[in-house]
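To start, the structure itself, in structure tokens.
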Amino acid sequence: MKGIVPLFLGIFGTFAFSWAGLTLIPNYQIGHLDPQMDEEGNDPYPAPKSGMAERGRKIYSANGCIYCHSQQVRADYAASDIERKWGVRRSAPRDYLFDRPVLLGKMRVGPDLSNIGKRAPAEEESAASPASTSPAPSASPGANPPAPTSSASPVAAPPTSPTASPPTSPAAASPNPAASPAKTVAATSPAPAATNAPTASVSPAPANPPASPATTADIAVGPGGAPPMYSAAWHHVHLYSPRSLVLDSNMPAYHFLYEKRRISGERANDALKLTGPDAPDAEWEIVPTYDAKCLVAYLMSLDQSHELKEAKLTSAPASSPAPASSPAPAKEEKK
Amino acid sequence: MNPAEIPLKAPTSATVATTDSDVTNRDVEQVERALIDASTRLPVLFFYSSAIVWLLLGTLLAGFTSWKLHAPDLLANWSFFTWGRIRPAHMNVMVYGWASMAGIGTAIWLMARLCRTTLRHPLLLIGGAAFWNLGVLLGVGGILAGGSTGYEWLEFPPYATIVLFVAYTLVVSWAILMFRFRRGDAIYITQWYLLGAFLWFPWVYGATQIMLFVVPVQGVMQAAVTWWFANNLLFLWFGAIGLGTAYYMIPKVIGRPVYSYHLAAIGFWTYALFASWTGMQRLVDGPFPAWMITASIAATILTIIPVATVGLNHHMTMRGYFGLLRYSPTLRFTVFGAISYTVFSLLGVFLSLRSVAGYVHFTEASVAYSHLGLYSFFTMIMFGSMYYIVPRLVGREWRYASLIKLHFWSSTYGVGLMVLMLLVGGLAQGSSMHDPSLAFSESTESILPYLRGRSVSGMLLTVAHFVFAFHFGLMLLGLGRTTGVPTFLNPQEEEAVKNHI
Numbered sequence: 009m010k011g012i013v014p015l016f017l018g019i020f021g022t023f024a025f026s027w028a029g030l031t032l033i034p035n036y037q038i039g040h041l042d043p044q045m046d047e048e049g050n051d052p053y054p055a056p057k058s059g060m061a062e063r064g065r066k067i068y069s070a071n072g073c074i075y076c077h078s079q080q081v082r083a084d085y086a087a088s089d090i091e092r093k094w095g096v097r098r099s100a101p102r103d104y105l106f107d108r109p110v111l112l113g114k115m116r117v118g119p120d121l122s123n124i125g126k127r128a129p130a131e132e133e134s135a136a137s138p139a140s141t142s143p144a145p146s147a148s149p150g151a152n153p154p155a156p157t158s159s160a161s162p163v164a165a166p167p168t169s170p171t172a173s174p175p176t177s178p179a180a181a182s183p184n185p186a187a188s189p190a191k192t193v194a195a196t197s198p199a200p201a202a203t204n205a206p207t208a209s210v211s212p213a214p215a216n217p218p219a220s221p222a223t224t225a226d227i228a229v230g231p232g233g234a235p236p237m238y239s240a241a242w243h244h245v246h247l248y249s250p251r252s253l254v255l256d257s258n259m260p261a262y263h264f265l266y267e268k269r270r271i272s273g274e275r276a277n278d279a280l281k282l283t284g285p286d287a288p289d290a291e292w293e294i295v296p297t298y299d300a301k302c303l304v305a306y307l308m309s310l311d312q313s314h315e316l317k318e319a320k321l322t323s324a325p326a327s328s329p330a331p332a333s334s335p336a337p338a339k340e341e342k343k
Numbered sequence: 002m003n004p005a006e007i008p009l010k011a012p013t014s015a016t017v018a019t020t021d022s023d024v025t026n027r028d029v030e031q032v033e034r035a036l037i038d039a040s041t042r043l044p045v046l047f048f049y050s051s052a053i054v055w056l057l058l059g060t061l062l063a064g065f066t067s068w069k070l071h072a073p074d075l076l077a078n079w080s081f082f083t084w085g086r087i088r089p090a091h092m093n094v095m096v097y098g099w100a101s102m103a104g105i106g107t108a109i110w111l112m113a114r115l116c117r118t119t120l121r122h123p124l125l126l127i128g129g130a131a132f133w134n135l136g137v138l139l140g141v142g143g144i145l146a147g148g149s150t151g152y153e154w155l156e157f158p159p160y161a162t163i164v165l166f167v168a169y170t171l172v173v174s175w176a177i178l179m180f181r182f183r184r185g186d187a188i189y190i191t192q193w194y195l196l197g198a199f200l201w202f203p204w205v206y207g208a209t210q211i212m213l214f215v216v217p218v219q220g221v222m223q224a225a226v227t228w229w230f231a232n233n234l235l236f237l238w239f240g241a242i243g244l245g246t247a248y249y250m251i252p253k254v255i256g257r258p259v260y261s262y263h264l265a266a267i268g269f270w271t272y273a274l275f276a277s278w279t280g281m282q283r284l285v286d287g288p289f290p291a292w293m294i295t296a297s298i299a300a301t302i303l304t305i306i307p308v309a310t311v312g313l314n315h316h317m318t319m320r321g322y323f324g325l326l327r328y329s330p331t332l333r334f335t336v337f338g339a340i341s342y343t344v345f346s347l348l349g350v351f352l353s354l355r356s357v358a359g360y361v362h363f364t365e366a367s368v369a370y371s372h373l374g375l376y377s378f379f380t381m382i383m384f385g386s387m388y389y390i391v392p393r394l395v396g397r398e399w400r401y402a403s404l405i406k407l408h409f410w411s412s413t414y415g416v417g418l419m420v421l422m423l424l425v426g427g428l429a430q431g432s433s434m435h436d437p438s439l440a441f442s443e444s445t446e447s448i449l450p451y452l453r454g455r456s457v458s459g460m461l462l463t464v465a466h467f468v469f470a471f472h473f474g475l476m477l478l479g480l481g482r483t484t485g486v487p488t489f490l491n492p493q494e495e496e497a498v499k500n501h502i
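So the sequence lines, in the order shown, correspond to chains S and E. Counting in my numbering, the first sequence runs from 9 upward without gaps. Counting in my numbering, the second sequence runs from 2 upward without gaps.
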């Protein structure tokens, strides 16, 4: 090769070509999207996530969930993602408008999570506004500093407390802040099992049922007592002890997101209802840390079921993937 | 340090010659080379030793990563040992700790040799190596502590990135200085690749950092930028250093010029043009305009041109000299790497085809592809260059031919088995994932035996790396053989080699 100038120019030129072609032009094309609205300018989609869910995204990326779980649904002609009920339409760039970091993923050691929040039970009521699906109504006020984002929970808390006579309180197990309809779903699950639902948002003392039924239920529940699949409670148990819910899962357990503590007085409302080898001794309980609650809030906020102009629904909105009283160890889904 | 104090490689003939006051050109060149080698001694050895320490650490992390995939409860109770942190830690240690540092070490030495000038300002480089180590250390610590950014290949938290960038500036400013003071007009093929690598790296790394963290792009564009970065890092940084090194080592060891400069030029420019456009094929069927993905697939297919020209060039250079593979460790590692480059690129073409990607997307096959590129191609060439360079820096020859052979064979079988397991496993995983009548868990179960097989292959690689590190340690301590004859893999036949040459 003669001369250094052509060499330098060539090195810069080829690379500038690639840089412009693969990042600048696409950025011009899809890098400045706005949320989609209906004719009246209502019903914007997507909406920014709540603060808790945003913090949950950080937990998600910090702990490398992305290396096993993708968050993108391929079109029905390209792959079987939609047939697997991972979504009702293909993902579009607009779905990720507010995502930072965007967690598309390129590996599926576990199932796709693009719509995991949508697939929670009692979804019919929550579909209207994705923002309000932010679950994990922030914990019992004493345990944690009130989240800056607890905007969702005040909605949920007042209705639950008055209605919370012990047998019906499972309503609180629903991840859905729209508490009243959710109750019907949750109530179908075996009554003793759900009495002491994790992550329930119950106002402090009065709503709390006497501790004894809860603890006995805790010991008594068999596999049938697992929380409804993909509910917030289910996610907590699944994160803490994946193989107690899905027998052949190879997901690691995230014990470090939970706190094991001796029960003082009564059992905490958000204590995990565990069975199998991971269940603590009688006097101990497992409660989610704030990080765990955020992570679950993030998972529950994942929903791409809203129709987009550029991506029509390819299958009818799937009904709840599992009956509310999911017969646990579910073989067919794995995470 | 005064270069004259350093025990030099093969100074004997030179001193003998000067006393006879009958100095030939050859003798002058030999002394000159020895002086250049001596001047690069400290920085190159610093880069190499750091790289090897990172290699060992990365190997241990790889073992955990692989093992935990089929034993998920292993060490699961500590947050910094959770699989989702160990995996990026392993990857980043290997990419930034091992591969980059080894590559820079080799590049420094090659640059000095090819510019025919002694290394100026070694402090710049030593500072660069120190900062680089600090950056990797901070980054890996950050990942394990839960500070990962969530972008694949770019998990290092921003504070580590800044340190890495300072380190890189020191290294590259040195490289430019070196190039400025070069002697002779001809710019050898290796220098094209090395200059390219030195200039492409800051661009691709800097542009990506800016587009992700300083002026972040929106939504899915972040993923596009990430994969544009990952592929360009693979091709234009590691690939360019690896190919450049192969272009130096193969002709050097067999003592014969490169077959064709024209082929080399075609190979280089088509490589720069097409390889830089790959990357988006990893997002196939994702939420992107289809043209981006198609453009990358087309570019991937077009990389067959540089692969064919480079492969042909090496092959024609080697023709008639393949017998030397029996003796020279450098040649054996380098040729293995060069062949792997062909396999790696062709596999990349195969995996990127849409019909195939439908099956292998989201499976372990992409891990096989990365390992083929970063290990089988790049790392093996780096091992080869270290076997050549280190004796010239420490003035000793490798002590045990048996250890080199053990290293070569366990690396070869290890990486071969790993790629095979992940590839076949990925296809099995993908075909069960593709079939909606099978439950999703079928796909994860179908790959489990292959993942166990991969863990076995990892043990082979672990043996290889510890053997190499031990051998390198002996060289550092000055425990190599003091002899003028390089260590051949099959020493009993070394006479035959001499006769042949």
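Glycine included, each C-beta is placed from N, C-alpha and C at the ideal position. Note that the structure is a prediction, hence the values are computed from the model and not measured.
- Within the region 78-91 of chain E, contact with chain S at the beta-carbon level (separation under 7 Å) is assigned to N78, W79, S80, T83, W84, G85, R86, R88 and P89.
- Contact annotation: W399 (chain E) and T488 (chain E) have beta-carbon atoms nearer than 7 Å.
- Contact annotation for G359 (chain E) against chain S: A86 and A87 [CB-CB distance below 7 Å, chain order].
- In the DSSP secondary-structure assignment, V173 (chain E) is not bridged to any residue.
- The Cβ atoms of L303 (chain S) and I38 (chain S) do not sit closer than 7 Å to each other.
- For V295 (chain S), the uninterrupted beta strand (DSSP E) run begins and ends at W292 to P296, by DSSP.
- Annotation for E62 (chain S): no beta strand (DSSP E) segment contains it, though the alpha helix (DSSP H) segment containing it runs G59 to A70.
- D256 (chain S) belongs to the set of residues whose beta carbon lies under 7 Å from a beta carbon in chain E.
- Residues of chain E whose Cβ lies closer than 7 Å to the Cβ of L111 (chain S) are, in chain order, G151.
- Contact of M95 (chain E) with chain S is not assigned, every C-beta pair being separated by 7 Å or more.
- Residues of chain E whose Cβ lies closer than 8 Å to the Cβ of C73 (chain S) are, in chain order, G85.
- Segment contact: the region 122-140 of chain E against the region 165-179 of chain E, three or more CB-CB distances shorter than 8 Å; contact assigned.
- Linking W204 (chain E) to F23 (chain S) through their CA atoms gives a straight-line distance of about 9 Å.
- Contacts between V226 (chain E) and chain S, judged by CB atoms closer than 8 Å, involve T31 in chain order.
- Distance from the CA of G142 (chain E) to the CA of L61 (chain E), rounded to the nearest whole angstrom, comes to 15 Å.
- S51 (chain E) and A103 (chain E) have their C-alpha atoms some 8 Å from each other.
- Taking 7 Å as the cut-off, the Cβ atoms of L58 (chain E) and V94 (chain E) count as close.
- With its beta carbon less than 7 Å from one in chain E, T22 (chain S) belongs to the interface.
- For R88 (chain E), the uninterrupted alpha helix (DSSP H) segment begins and ends at W84 to N93.
- With contacts defined as CB atoms closer than 7 Å, R455 (chain E) and S40 (chain E) fail to qualify as a contacting pair.
- Here T25 (chain E) is exposed, its C-beta having fewer than 16 other C-beta atoms within 10 Å.
- Rounded to the nearest whole angstrom, the CA to CA distance from Y272 (chain E) to P307 (chain E) is 5 Å.
- Restricted to the region 194-279 of chain E, the alpha helix (DSSP H) segments that are unbroken, complete and at least 4 residues in length are 222-233, 241-255 and 262-271, listed in chain order.
- Boundaries of the alpha helix (DSSP H) around R34 (chain E): N26 to H71.
- With a threshold of 7 Å between beta carbons, M222 (chain E) makes contact with chain S.
- For the C-beta of P34 (chain S), the chain E residues within less than 8 Å are, from N- to C-terminus, M222, A225, F289, P290 and M293.
- By DSSP's assignment, A319 (chain S) forms a beta bridge with S:L316.
- Proximity of H263 (chain S) to chain E, defined by a Cβ-Cβ separation below 7 Å, is satisfied.
- The three-state secondary structure of R482 (chain E), taken from DSSP, is strand.
- For G312 (chain E), same chain residues with a beta-carbon under 6 Å away, outside a window of 5 residues either side, are T343 in chain order.
- For M115 (chain S), the closest Cβ of chain E is nearer than 7 Å.
- The Cβ of Q80 (chain S) sits closer than 7 Å to at least one Cβ of chain E.
- In this structure, G118 (chain S) places its C-beta atom within 7 Å of the C-beta atom of H77 (chain S).
- Beta-bridge partners assigned by DSSP to Q44 (chain S): S:Y53.
- Ranked by Cα distance from N233 (chain E), the first of E:P258, E:L354, E:S371 and E:G256 is E:S371.
- The continuous alpha helix (DSSP H) containing Y248 (chain S) extends over residues A240 to Y248.
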